[in-house]
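Chains as they are written, first to last, in the working numbering: chain A, 18 to 130; chain B, 25 to 256.
Structure below.
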């Protein structure tokens with residue numbers, strides 16, 4: 018589990034990401050008057066960043082392979098959590114459904130099959 | 025500084041903390057899982073202060089992805105803050121460069137959303153005080169919950185699969201982000217392509233999936249606009 022990166026590299030990573038992120042935050046706030054509006058084409062593309070990025074993070078975590086094939090526990094727990102997220106849009110309820118489902122499958126149902 | 029406006033910001037952000045607190049704990053757990061020390065985990069939450077980017081970066085660190093890929097992935101995730109910066113900039117126009125620099129550091133999804141709606145609805149509000157009330161509270165809760173996560177991780181058996189909480193947090197954010205036709209297409213394409221691309225070298229799967237999703241959203245927007253025009 019532990020990273021192959023050494024301490025200085027981890028710190029460098031944190032600082033580089035932090036500086037880039039701050040630059041994004043400061044961009045228009047700091048340079049208002051120098052920068053015009055966001056170009057409309059960029060603004061259109063930015064509208065799709067959250068949905069695209071979040072889905073690209075979520076779906077591969079639910080659809081994963083193990084040595085023998087698809088990881089069923091994560092797939093079913095993910096589907097359950099998706100249904101709850103859809104109904105509630107609540108972080109707590111989604112986490113409870115997903116983790117509860119995973120533990121029920123992993124320690125209750127799958128070993129009994 | 026107007027104390028009432030500050031308190032108003034704190035009060036408005038309070039319900040959102042229920043969503044932020046588990047997110048912060050998960051970020052701390054993910055940092056510990058990826059081999060970061062408590063100091064590094066806290067350093068990341070202070071210096072980067074952007075949950076989704078932190079979690080994505082930590083997952084890639086854990087997988088041993090190349091440095092550049094991790095940075096580019098985190099930056100793409102944070103690009104949405106360009107929109108917030110541009111949208112809130114006119115309200116900060118009269119402040120000194122130093123104040124602007126400080127306010128920019130605290131710019132997050134939640135601080136932006138709360139402040140912009142307060143600025144639009146209430147004319148004479150002390151903008152800095154309100155923003156610090158909302159954004160400062162978020163910042164503090166984020167740092168504390170990160171540390172809670174780091175220390176909680178050490179006591180949790182690996183078999184519980186606590187890392188599964190990371191995508192669950194993102195899932196709860198994903199559903200409201202898919203708010204109309206094109207954003208839903210962006211999510212579906214991004215997710216599907218990321219699964220297929222998961223085996224690609226250099227851990228570029230997330231980046232490829234996200235890019236495909238953005239292009240999918242733009243394409244859907246164009247198609248839907250054409251259909252709407254044809255229909256009339």
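From the three backbone atoms N, C-alpha and C, an ideal C-beta is built for every residue, glycine too.
Since the structure is predicted, the reported quantities are computational estimates derived from the model, not experimental observations.
- Since residue 151 of chain B contacts residue 129 of chain B with CB under 8 Å, what's their CB separation in whole angstroms? With a Cβ gap of about 16 Å, residue 151 of chain B and residue 129 of chain B do not count as contacting.
- Residues sharing a beta bridge with residue 42 of chain B, DSSP: Note: residue 42 of chain B sits in no beta bridge, so no partner.
- Query: Does residue 86 of chain A get closer than 8 Å to chain B when you measure Cβ to Cβ?
  - Reply: no
- Let me know the secondary structure DSSP gives residue 179 of chain B once reduced to three states. coil
- Answer yes or no: does any C-beta atom of chain A fall closer than 8 Å to that of residue 140 of chain B? no
- Task: Hey, could you find the ends of the alpha helix (DSSP H) residue 87 of chain B is sitting in?
- Result: In the DSSP annotation of this structure, the continuous segment of the alpha helix (DSSP H) that includes residue 87 of chain B starts and ends at 75-87.
- Shorter than 8 Å from the beta carbon of residue 167 of chain B to some beta carbon of chain A? no
- Message: On the CB-based measure, 16 or more other CB atoms within 10 Å of its CB, does residue 132 of chain B come out buried or exposed?
- Response: buried
- Quick one, which of A:130, A:122 and A:129 has its alpha-carbon nearest residue 92 of chain A's? A:122
- Return yes when the Cβ of residue 233 of chain B is within less than 8 Å of the Cβ of residue 206 of chain B, no when it is not. no
- Would you verify that the beta carbon of residue 89 of chain A is, or is not, closer than 8 Å to some beta carbon of chain B? Residue 89 of chain A does not count as touching chain B.
- Query: Beta-carbon of residue 37 of chain B versus every beta-carbon of chain A: anything under 8 Å?
  - Reply: Taking Cβ atoms only, chain A never reaches closer than 8 Å to residue 37 of chain B, which makes this a no.
- Query: Roughly how far, in whole angstroms, is the beta-carbon of residue 190 of chain B from the beta-carbon of residue 54 of chain B, given that I think they are within contact range, below 8 Å?
  - Reply: 6 Å
- Reducing DSSP to helix, strand and coil, say where residue 40 of chain A ends up. Residue 40 of chain A falls in the helix class under three-state DSSP.
- Message: Count Cβ pairs between the segment 217-233 of chain B and the segment 183-201 of chain B that sit closer than 8 Å; are there 3 or more?
- Response: no
- Item | residue 82 of chain A in three-state terms, based on DSSP | In the three-state reduction of the DSSP assignment, residue 82 of chain A falls in the strand class, which pools E and B.
- Item | Buried or exposed by the 16-neighbour rule on C-beta atoms within 10 Å, applied to residue 180 of chain B | exposed
- Between residue 238 of chain B and chain A, is there a C-beta pair that is closer than 8 Å? yes
- Message: Going by C-alpha to C-alpha distance, which of B:169, B:156 and B:74 sits closest to residue 37 of chain A?
- Response: Comparing Cα-Cα distances from residue 37 of chain A to each of B:169, B:156 and B:74, the minimum goes to B:74.
- Task: Would you list the one or two residues that DSSP bridges to residue 138 of chain B?
- Result: Residue 138 of chain B is not bridged to any residue.
- Return the first residue and the last residue of the alpha helix (DSSP H) that residue 229 of chain B is part of. Run containing residue 229 of chain B: 229-254, per the alpha helix (DSSP H) assignment.
- Would you list the one or two residues that DSSP bridges to residue 47 of chain B? Paired residue(s): none; residue 47 of chain B is not in a bridge.
- Message: Three Cβ pairs or more, each shorter than 8 Å: is that satisfied between the segment 162-182 of chain B and the segment 62-75 of chain A?
- Response: no
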